[in-house]
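Undergrad:
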Amino acid sequence: MFPKRLRIVSSAKEDVVFAVSALEECPLFNAGHGAALTREGRHQLEAGVADGQTGLWCCGRFYNPISQGLLGKSYLFRVSRYGFADGHGRCSRFDSHGRLAAGGSTGGPTGKSSGRIGDTAVLGAGLYADKELSVICSGTGDQILKHTVTASVAKYNASGHSLSDAVRRALEEVSGNVLIHHFPRFRLHSTTMHILGFQTIYRDDLVSIGLSRYPTTSGHTIATFEQQHNLFNLAEDDFVRLFTVLSRTAGALRKYYKVKRCALVTEGDRSLSLLPLHGLNQDWEPVTSDMKEFHDTFPGYVSSKDGPPKDHDRLNTLCDTIQEISQIRKPYNNQFQGSHEDKNLFARIIWGELLQYRVWEDDDHVASLTPFPNTPGFTVLVPRKRLVSDIFAIDKKPLSALMVAAHKVAAILKQAFKVERCGMIFEGFEIDHAHVKLIPIQQSASETGNFTDDAPKMVMPFTKRYEGFASSLDGPLTKHLESVLYDSNTIRETLLPSKPLSPPNSWVAPSQHLSSVLHDLYYRQLFAL
Numbered sequence: 001m002f003p004k005r006l007r008i009v010s011s012a013k014e015d016v017v018f019a020v021s022a023l024e025e026c027p028l029f030n031a032g033h034g035a036a037l038t039r040e041g042r043h044q045l046e047a048g049v050a051d052g053q054t055g056l057w058c059c060g061r062f063y064n065p066i067s068q069g070l071l072g073k074s075y076l077f078r079v080s081r082y083g084f085a086d087g088h089g090r091c092s093r094f095d096s097h098g099r100l101a102a103g104g105s106t107g108g109p110t111g112k113s114s115g116r117i118g119d120t121a122v123l124g125a126g127l128y129a130d131k132e133l134s135v136i137c138s139g140t141g142d143q144i145l146k147h148t149v150t151a152s153v154a155k156y157n158a159s160g161h162s163l164s165d166a167v168r169r170a171l172e173e174v175s176g177n178v179l180i181h182h183f184p185r186f187r188l189h190s191t192t193m194h195i196l197g198f199q200t201i202y203r204d205d206l207v208s209i210g211l212s213r214y215p216t217t218s219g220h221t222i223a224t225f226e227q228q229h230n231l232f233n234l235a236e237d238d239f240v241r242l243f244t245v246l247s248r249t250a251g252a253l254r255k256y257y258k259v260k261r262c263a264l265v266t267e268g269d270r271s272l273s274l275l276p277l278h279g280l281n282q283d284w285e286p287v288t289s290d291m292k293e294f295h296d297t298f299p300g301y302v303s304s305k306d307g308p309p310k311d312h313d314r315l316n317t318l319c320d321t322i323q324e325i326s327q328i329r330k331p332y333n334n335q336f337q338g339s340h341e342d343k344n345l346f347a348r349i350i351w352g353e354l355l356q357y358r359v360w361e362d363d364d365h366v367a368s369l370t371p372f373p374n375t376p377g378f379t380v381l382v383p384r385k386r387l388v389s390d391i392f393a394i395d396k397k398p399l400s401a402l403m404v405a406a407h408k409v410a411a412i413l414k415q416a417f418k419v420e421r422c423g424m425i426f427e428g429f430e431i432d433h434a435h436v437k438l439i440p441i442q443q444s445a446s447e448t449g450n451f452t453d454d455a456p457k458m459v460m461p462f463t464k465r466y467e468g469f470a471s472s473l474d475g476p477l478t479k480h481l482e483s484v485l486y487d488s489n490t491i492r493e494t495l496l497p498s499k500p501l502s503p504p505n506s507w508v509a510p511s512q513h514l515s516s517v518l519h520d521l522y523y524r525q526l527f528a529l
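Residues in the sequence shown are numbered from 1 upward in steps of one, following UniProt numbering.
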């Protein structure tokens, strides 16, 4: 029905009203016909629509509040509404005339106080539209209203920030959001918790680690950072400490799932994945994928798949750009900390025997652009000493040194490409020499409007064996939550026991107690329970 309507010449606002009205008439939604009841057992509806020119919000007793039709309580009442409230109805629209509109409708939370106004129908909170963009926002209404989330998105975008950055700045830890731009472009920003309590296998002041509810393989584990939303913005000491914890976690996963090693993959945001690699032989042998891909901009994930060979001149240009930041100059340091008889590919690159695009080096590490990137700037960092390709099996001191080097190279790539994030992958089944893959996260296709018909699916199928590459995509929602619970409990209690926490006794200093309650790990874990 709606696709037919989109072929009719109508305004964005009319289409928003049409779409939200349809949601209001569906009893499954907490809006209109399915509206929740107040504490007094009455209906108090809220709806709003705006298109940057006209608008209506905070309207109440109507058949379709979004369109101001009037009907009595008998149409709205449903016995089920005494118990719960489902999703609200919201819509954002970009029409063929370049006009934008946003609208929403809700009955509010079940049992709300009479007169309580939420975010859904408040311009600048739950919805916003002008000539440049429309925004709708859903989540915890009081927080959305308090932070005037959609108005903040518009403010940041108007001041010159990209859609992605505007959404991130306005919505960090506030809500999930859908945003449509007038070109049109769209941006999704989700702040749903990666790890619920029952999934957690380890937690400290730096990181929470737990089994994924969206696994791509058995034992897929997620780590989220407690205080930071960008991996490479962690202080260097915290970055090294994080990977000490992750190395220990990878060891526990290897033992529990009876695998030889774990891969790591991250988009450089506030989380990363540890992937047990199933189906490997006892002895190392190369495992690669024949699948190739290349994306000029961020496709919504990072992967370790090779790309087609890139033009020498293009690689030289990128190399020069990065070298301007890293300040590396020829002649390079070609010292390899091993035998000159070693014909490993990375050893030969370090020796200077092969054509290369070196972008950074120190006394113990070398970083070069790969000639087979799947995105511009794909960089490989290797130690000068040949270390085992299973990075989580490296001794603590060389592992820490390698992570410090990765932290430095990522900062250089971020500056060279003028990006906020840098992805990172290590798995180690193409070349048996420790190496870290670093991927600048450049402007996404949704930001430039360059959509393609063959855009990749954003869910990776669940696999039982390692297929020669790692990806940051989530898998399908698991159907075996009981198994996730059992595995989480077993790993947490037997393989990764946490140190018991003691109360900080902060109450002896009342002026500091509030800060302690908000930030001390003892209280945070107590409140999580």
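All C-beta atoms, glycine included, are put in the ideal place defined by N, C-alpha and C. This one's a predicted model, so the numbers in the text were calculated from it and none came from an experiment.
(1) Following the continuous beta strand (DSSP E) through Leu369, name the residue where it begins and the one where it ends.
(2) Against chain B, with Cβ distances strictly below 9 Å, would His278 count as a contact?
(3) Count the other CB atoms, across all protein chains shown, that sit within 10 Å of the CB of Asn157; report buried if there are 16 or more and exposed otherwise.
(4) By a C-beta neighbour count over all protein chains shown, 10 Å radius and 16 as the cutoff for buried, is residue 535 buried or exposed?
(5) Could you round the C-beta distance between Gly475 and His220 to whole angstroms and report it? I think they count as a contact, below 8 Å.
(6) Given a threshold of 16 other Cβ atoms within 10 Å of its Cβ, counted over all protein chains shown, does Ser400 qualify as buried or as exposed?
(7) Going by other Cβ atoms of all chains shown within 10 Å of its Cβ, with 16 needed for buried, is Ser134 buried or exposed?
(8) To which residues of the same chain is Gln512 closer than 8 Å at the C-beta, ignoring the five residues directly before and after it?
(9) I believe Leu438 touches Thr379 by the beta-carbon criterion, under 8 Å. Please report the beta-carbon distance rounded to the nearest angstrom.
(10) Give the straight-line distance between the Cα atoms of Tyr82 and Lys260, rounded to the nearest whole angstrom.
(11) Please go through the stretch 207-288 and give each complete alpha helix (DSSP H) segment of 4 or more residues, from N-terminal end onward.
(12) Just confirm the distance between the C-beta atoms of Leu246 and Glu226, as a whole number of angstroms; I'd bet it's less than 8 Å.
(13) Three Cβ pairs or more, each shorter than 8 Å: is that satisfied between the stretch 462-469 and the stretch 314-330?
(14) Can you list the alpha helix (DSSP H) stretches of 4 or more residues lying completely in the stretch 388-446, in chain order?
(15) To which residues of the same chain is Arg213 closer than 8 Å at the C-beta, ignoring the five residues directly before and after it?
(16) Please classify Ser175: is it buried, with 16 or more other beta-carbons within 10 angstroms of its beta-carbon, or exposed?
(17) In whole angstroms, what is the alpha-carbon distance linking Phe346 and Glu267?
(18) With a Cβ-Cβ cutoff of 9 Å, do Thr317 and Phe417 count as a contact?
(19) Would you call Pro376 buried or exposed, if buried means 16 or more other Cβ atoms sit within 10 Å of its Cβ?
(20) Report the residue from Met458, Cys422, Ala434 whose alpha carbon sits nearest the alpha carbon of Gln442.
(21) Locate the beta strand (DSSP E) running through Trp507, then write down its first and last residues.
(22) Looking only at C-alpha atoms, which of Ala509, Asp520, Arg492 sits nearest to Gly251?
(23) In this structure, how does DSSP classify Glu353 when only helix, strand and coil are distinguished?
(24) What residues match up with Tyr128 in a beta bridge as DSSP calls it?
(25) Just to confirm the assignment, what range does the beta strand (DSSP E) spanning Thr106 have?
TA: On the basis of the supplied data:
(1) Counted from its first residue, the sequence shown places residue 369 at position 369. Its beta strand (DSSP E) spans residues 365-369.
(2) The structure shown has no chain B; it contains just one protein chain.
(3) The residue labelled residue 157 in the question sits at position 157 within the sequence shown. Label assigned to Asn157: buried.
(4) No answer is possible for residue 535: it lies beyond the span of the chain, which begins at 1 and ends at 529.
(5) Numbered from 1 along the sequence shown, position 475 holds the residue referred to as residue 475. Numbered from 1 along the sequence shown, position 220 holds the residue referred to as residue 220. Sure, about 7 Å apart at Cβ, within 8 Å.
(6) For the purposes of this step, residue 400 is taken as residue 400 along the sequence shown, with counting starting at 1. Around the beta carbon of Ser400, 16 or more other beta carbons sit within 10 angstroms, so the residue counts as buried.
(7) Counting from one through the sequence shown, the residue named residue 134 turns up at place 134. A residue is called buried once 16 or more other Cβ atoms fall within 10 Å of its Cβ, and Ser134 is buried on that count.
(8) Within the sequence shown, residue 512 is the residue found at index 512, counting from 1. Answer for Gln512: Ser506, listed in chain order.
(9) Residue 438 sits at position 438 when you count from the first residue of the sequence shown. Residue 379 sits at position 379 when you count from the first residue of the sequence shown. Confirmed, about 5 Å.
(10) Taking the sequence shown and counting its residues from 1, one reaches residue 82 at position 82. Taking the sequence shown and counting its residues from 1, one reaches residue 260 at position 260. Bear in mind that a pLDDT of 40 at Tyr82, under 50, signals an unreliable position, so the number given afterwards is only what the model happens to contain. When the Cα atoms are used, Tyr82 and Lys260 turn out to be separated by approximately 53 Å.
(11) As for any alpha helix (DSSP H) of minimum length 4 sitting wholly inside the stretch 207-288, the runs are 236-257, ordered along the chain.
(12) Start at 1 with the first residue of the sequence shown, and residue 246 comes out as number 246. Start at 1 with the first residue of the sequence shown, and residue 226 comes out as number 226. About 14 Å separates the CB atoms of Leu246 and Glu226; that is not less than 8 Å, and the two are not in contact.
(13) Short answer: they don't touch.
(14) Entirely contained in the stretch 388-446, the alpha helix (DSSP H) runs reaching 4 residues are, in chain order, 396-417.
(15) Locating residue 213 in the sequence shown gives position 213, counting from the first residue. The residues are Leu196, Gln199, Leu477, Thr478, Leu481, Val484.
(16) Stepping through the sequence shown from its first residue, residue 175 is reached at position 175. The predicted model places Ser175 with a pLDDT of 47, which falls under 50 and marks its position as unreliable, so this point remains unresolved.
(17) The count along the sequence shown starts at 1 and reaches residue 346 at position 346. The count along the sequence shown starts at 1 and reaches residue 267 at position 267. Their backbone Cα atoms lie some 25 Å apart in a straight line.
(18) As a position in the sequence shown, residue 317 is number 317, starting the count at 1. As a position in the sequence shown, residue 417 is number 417, starting the count at 1. No; because the gap between Cβ atoms is not below 9 Å, this pair is not in contact.
(19) Indexing the sequence shown from 1 puts residue 376 at position 376. In summary, Pro376 is buried, with 16 or more beta-carbon neighbours lying within 10 Å of its beta-carbon over all protein chains present.
(20) If you number the sequence shown from 1, residue 442 lands on position 442. Closest option to Gln442, Cα to Cα, is Cys422.
(21) Numbered from 1 along the sequence shown, position 507 holds the residue referred to as residue 507. Boundaries for Trp507: no beta strand (DSSP E) harbours it, and the DSSP string shows neither H nor E there.
(22) Looking up residue 251 in the sequence shown gives position 251. For Gly251, the nearest C-alpha among the options comes from Arg492.
(23) Your numbering for residue 353 matches position 353 in the sequence shown. The three-state reading of DSSP puts Glu353 in coil, since its state is none of H, G, I, E or B.
(24) Residue mapping note: residue 128 aligns to position 128 of the sequence shown, counting from 1. Its beta-bridge partners are Val135.
(25) The residue given as residue 106 occupies position 106 in the sequence shown. Thr106 -> beta strand (DSSP E) spans 100-106.
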